[in-house]
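Each residue of the sequence shown is one higher than the one before, counting from 0 in numbering that gives the first Met the number 0. Some notes on the structure that comes next.
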Amino acid sequence: MSEGTIRVVLADDQPLVRAGLRVLMADTAGIEVVGEAGTGAEAVALAGEVRPDVVVMDIRMPGMDGIEATRAIKARKDTAGVRVLVLTTFDDDAHVYGALRAGASGFLVKDMALDDILGAVRVVAAGDGLIAPSVTRRLIEEFAARPEPAPAPGPPPVNGVTDREREVLTLVGRGLTNAEIAAELYITVATVKAHVARLFTKLGARDRVHLVITAYESGLVAPPR
């Protein structure tokens, strides 16, 4: 294995899905599949054994599902740094929020283009969250359907941030890219990146996905009704 290679574990109960992903990644420089798991429990054990950079995790697996497996991987001290990229289908939307809350750094849709799948693995391995505006809208819709009370009236409970950082967080929550936020606020992209970096630190966020969730849960972004 060469320096800088992204080490990946594939977790899916369908051997054909794993085989397809393995072939795709085997032909790609800089990505190496170091293990496969057919259940969530196997994925957790394998993550502890081989310490991959990324686990591509299916949601629907027998026994321990992908959400519980993600939570278990992120909860363990020896695997807390492993990034989880959830593999889902369009009818899994009800589980996407749970997967992100469990610690996933983003998700793949099973019918994505091959180049997009490889790009997603690289993005997550680099420490970024993968959440496109279209994905964000679906996440909002699912969040809105959850049987939870609406946030109480008053200022959103996001403490220790400046007014500008709050504006940036709101726009991140709406799914805007850094370039779009810069245009919206009439500032440079570099300034947006600096604000996002400070938000990571101040809010203890793992990545951009976590910032999106924080924006919804704090009431900065109102789900559509």
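Every residue gets a Cβ at the ideal spot worked out from N, C-alpha and C, and that includes glycine. Here the structure is a predicted model, which is why all the values come from computation and not from measurement.
Non-local beta-carbon contacts of Ala-79 in its own chain, meaning distances under 7 Å to residues more than five positions away in sequence, involve Lys-73 in chain order.
Per DSSP, the beta bridge partners of Glu-35 are Leu-9. Rounded to whole angstroms, the gap between the alpha carbons of Arg-165 and Leu-86 is 31 Å. Of the residues assessed, Arg-17 falls on the buried side of the cut-off, its CB having 16 or more other CB atoms within 10 angstroms. In the DSSP annotation of this structure, the continuous segment of the beta strand (DSSP E) that includes Val-54 starts and ends at 53-57. The Cβ atoms of Leu-84 and Val-53 lie closer than 8 Å to each other. Annotation for Arg-197: Glu-164 place their beta carbon closer than 7 Å to its own, counting only its chain and skipping 5 residues before and after. Between Gly-3 and Gly-29, the beta carbon gap of about 7 Å places them in contact (Cβ cut-off 8 Å).
Contact check for Ala-125 against Gly-105 fails: the beta carbons are separated by 8 Å or more.
For Ala-204 against Val-188, the beta-carbon gap comes to about 19 Å, at or over 8 Å, which does not count as contact.
If you look at Arg-17, you'll find it in the alpha helix (DSSP H) that goes 14-25. With contacts defined as CB atoms closer than 8 Å, Leu-9 and Glu-35 qualify as a contacting pair.
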